[in-house]
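What follows is a single structure, written as structure tokens, with notes after it.
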Amino acid sequence: MTPAARLYRVRLFAAARDRVGRESIEVPEDGVGTVGQLRAAIEQRYPELKSILSYATFAVDQEYAAETTPVDTDQEIALIPPVSGG
Amino acid sequence: MIELTYAPIATEALLQYVASERAGAVVLFLGTTRGVTGSARTRALDYEAYEPMARQQLDALRDEALRQWELERVAIVHRLGYLLPREASVAVAVSAPHRVAAFEAGRWLIDELKERVPIWKKEHWESRPASWVMPGITDEVAPSEPEQLAIETSDEGRSDD
């Protein structure tokens, strides 16, 4: 028996959460090793997030990440739509 | 003093926190909820945060301000949840020996907060659907309707001074 594929769990907030209707989404690990690859994988699985994704950034373990930042499935990952605090 | 709260902001507590014998100036900024923007009326704002990261980012802003200017103390409180027009959503208080540093740091802190801190507001308008404010795009949350994108005509002063 092969072990179950590992999944990225991505926390959603604000408009992204409302768009999908969930507080987090899952993306299989295959072929995803950077934030940029994760972004593309999310867009493919959740096309309703496409418009938000084009303006969103990601946070990995509560730090803003670049497209080239490596990601691992045991990290806390969040999709950060354009912020509007203050 | 860095805080996220669902309660009305206690400005007196902020002012007491930043008070110092070495301060010749105290600057307090309040971001308040506009009920009227042009011809549109807002019933309420609803703020949400990625709380642990928002606190970290606010801590970092405070630390940066303390390094960049000669300050005594910095306090930042951001309110979450539903706010009615006129209520304060954010308070930044800075004390310093001299007023130039207090004004500059105060302004810098709110400007940076609006760019960096993972907090979002949803605007509940009187006569159109509620929308999450997202600088760069505006998304109307209506899952059953075709996706619509409206570009905000101006990001200036969304709930700003």
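As they're listed, the protein sequences go chains A and B.
Going letter by letter, the first sequence gives residues 915 to 1000 in this note's numbering.
Going letter by letter, the second sequence gives residues 163 to 323 in this note's numbering.
We put the beta carbon where it would ideally sit given N, CA and C, even for glycine.
Here the structure is a predicted model, which means the values were calculated and not measured.
{"Query": "Are the CB atoms of Val-239 of chain B and Val-252 of chain B nearer to each other than 9 Å?", "Result": "yes"}
{"Query": "Going along the chain, which residues of its own chain have a beta-carbon closer than 8 Å to the beta-carbon of Gly-186 of chain B, five neighbours each way excluded?", "Result": "Ala-258, Pro-259, His-260 and Arg-261"}
{"Query": "Can you find a C-beta in chain B that's less than 9 Å from the C-beta of Asp-986 of chain A?", "Result": "no"}
{"Query": "How many Å lie between Lys-283 of chain B and Pro-995 of chain A at the Cα?", "Result": "11 Å"}
{"Query": "Please name the residue or residues paired with Gly-193 of chain B in a DSSP beta bridge.", "Result": "B:Val-252"}
{"Query": "For the beta strand (DSSP E) that contains Asp-221 of chain B, what are its first and last residues?", "Result": "No beta strand (DSSP E) holds Asp-221 of chain B; the alpha helix (DSSP H) holding it covers 213 to 230."}
{"Query": "Go through its chain and collect everything with a Cβ distance to Arg-920 of chain A's Cβ below 7 Å, but skip five positions before and after it.", "Result": "Glu-943 and Thr-987"}
{"Query": "Starting from Gly-326 of chain B, trace the beta strand (DSSP E) both ways and give me its first and last residue.", "Result": "The structure shown does not extend to residue 326 of chain B, since chain B is modelled only from 163 to 323, so the question has no answer here."}
{"Query": "Nearest to Arg-923 of chain A by CA position, among A:Asp-932, A:Ser-968 and A:Ala-973, is which residue?", "Result": "A:Ala-973"}
{"Query": "Can you check whether the C-beta of Pro-308 of chain B is within less than 9 Å of a C-beta belonging to chain A?", "Result": "Summary for Pro-308 of chain B: the model assigns pLDDT 31, below 50, so the residue's position carries little reliability; its value from the coordinates is reported in the next sentence. No - not a single Cβ of chain A is within 9 Å of the one on Pro-308 of chain B."}
{"Query": "DSSP state of Ile-171 of chain B, grouped into three classes?", "Result": "coil"}
{"Query": "Would you mind giving the Cβ-Cβ distance between Leu-220 of chain B and Val-279 of chain B, rounded to the nearest angstrom? I have them listed as a contact below 8 Å.", "Result": "6 Å"}
{"Query": "Using a Cβ cut-off of 8 Å, pull out every chain B residue sitting near Phe-972 of chain A, in sequence order please.", "Result": "Correct list: empty, because the minimum Cβ distance to chain B is about 11 Å."}
{"Query": "What does Pro-942 of chain A pair with, by DSSP beta-bridge criteria?", "Result": "A:Leu-921"}
{"Query": "How about Ser-938 of chain A: is its C-beta nearer than 9 Å to some C-beta of chain B?", "Result": "no"}
{"Query": "With DSSP as the reference, label Phe-972 of chain A as helix, strand or coil.", "Result": "strand"}
{"Query": "Mind checking Leu-246 of chain B: buried by the 16 CB within 10 Å criterion, or exposed?", "Result": "exposed"}
{"Query": "Between the segment 262 to 277 of chain B and the segment 187 to 201 of chain B, do three or more beta carbon pairs fall short of 8 Å?", "Result": "yes"}
{"Query": "Taking only the alpha-carbon atoms, compute the straight-line gap between Arg-248 of chain B and Ser-293 of chain B and give it to the nearest angstrom.", "Result": "19 Å"}
{"Query": "Quick one: which chain A residues come within Cβ less than 7 Å of Gly-298 of chain B?", "Result": "Tyr-969 and Pro-996"}
{"Query": "How many angstroms separate the CA atom of Glu-165 of chain B from the CA atom of Arg-269 of chain B?", "Result": "18 Å"}
{"Query": "Got a sec? Which residues, its chain only, sit under 6 Å from Val-254 of chain B by beta carbon, not counting five neighbours each side?", "Result": "Phe-191, Ile-238, Gly-268, Leu-271 and Ile-272"}
{"Query": "So the beta strand (DSSP E) Glu-977 of chain A belongs to, where does it begin and stop?", "Result": "977 to 979"}
{"Query": "Less than 9 Å separating the beta-carbons of Val-236 of chain B and Val-188 of chain B?", "Result": "no"}
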